[in-house]
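Visitor: In full-length UniProt numbering, the protein residues as written are 1 to 84.
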């Protein structure tokens, strides 16, 4: 994930606004993106570990690895997550 101090996160009903200070861009995201950001933290983890943790901590139903990988790619493209 981007460094915590570079993000300002505000919950707005079903949306979450994420202001990325480095780029000056505000992103509006919905589930499961906020949960992914919260679970990743700054340490990061493998796709399998992330899927297991999301299933453990949130009621997201069955975690489809391909769908999760697609959400991660979207977060990488937005600059909110970096790939290892």
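Ideal Cβ positions, reconstructed from N, Cα and C, are used throughout, including at glycine.
Bear in mind the structure is a predicted one, so any value in this text is a computation, not a measurement.
Compute the Euclidean distance between the alpha carbons of residue 22 and residue 66, then round it to the nearest angstrom.
Guide: 29 angstroms
Visitor: Can you give the Cα-Cα distance for residue 4 and residue 73, rounded to whole angstroms?
Guide: Approximately 19 angstroms between the Cα atoms of the pair.
Visitor: If you follow the alpha helix (DSSP H) that residue 39 is part of, which residue opens it and which one closes it?
Guide: 33 to 40
Visitor: The beta strand (DSSP E) spanning residue 7 covers which residue range?
Guide: 7 to 12
Visitor: Please report the distance separating the alpha-carbon of residue 28 from that of residue 6.
Guide: Between residue 28 and residue 6, the C-alpha separation is close to 16 angstroms.
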